[in-house]
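Asks: Just so we're aligned, residue 1 is where the sequence shown starts under the working numbering, counting upward by one.
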Amino acid sequence: KAGVYGIRPEHIQLRPDGIPATVVLVEPTGSETQVIARIGETSLTCAFRERVVARPGETIHIMPEMGLVHLFEAGSGRRLAA
1 KAGVYGIRPE HIQLRPDGIP ATVVLVEPTG SETQVIARIG ETSLTCAFRE RVVARPGETI
61 HIMPEMGLVH LFEAGSGRRL AA
């Protein structure tokens, strides 16, 4: 069965050994920096406590906090047990 991988934006970290992602938009909000990025055809939102100095088109490296990942059934959206 196909599954969907889900993680909250604040549970994604900047890591030099992380997955390369292309920056689409950087939005500093005061207490955090929100970054919209793409990995292949997938778009994701990240929320970092630190200031992110990146421009659209640049590559950042991100890593999800693995203990905080959720899996969902693609068709129904039902959460799958870990």
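For every residue, glycine included, the Cβ atom is placed at its ideal position computed from N, Cα and C.
So the candidates are Arg8, His61, Gly18; which of them puts its Cα closest to the Cα of Ala47?
Replies: It is Arg8 whose Cα lies nearest to the Cα of Ala47.
Asks: Report, in whole angstroms, the separation of the C-beta atoms of Ala74 and Gly3, which I expect to be a contact under 8 angstroms.
Replies: About 6 angstroms; that satisfies the 8 angstroms criterion.
Asks: For Arg38, collect the residues of the same chain with a Cβ closer than 7 angstroms to its Cβ; drop the 5 residues on either side in sequence, then sort them by chain order.
Replies: Within the same chain, Arg38 has close Cβ partners Ala21, Thr22, Val24.
Asks: Could you check the C-alpha separation between Gln34 and Thr45 for me, to the nearest Å?
Replies: Near 7 angstroms, if we compare the C-alpha coordinates of Thr45 and Gln34.
Asks: Which value, in whole angstroms, describes the spacing of the CA atoms of Ser43 and Ala81?
Replies: Using only the alpha carbons, I get a separation of about 25 angstroms.
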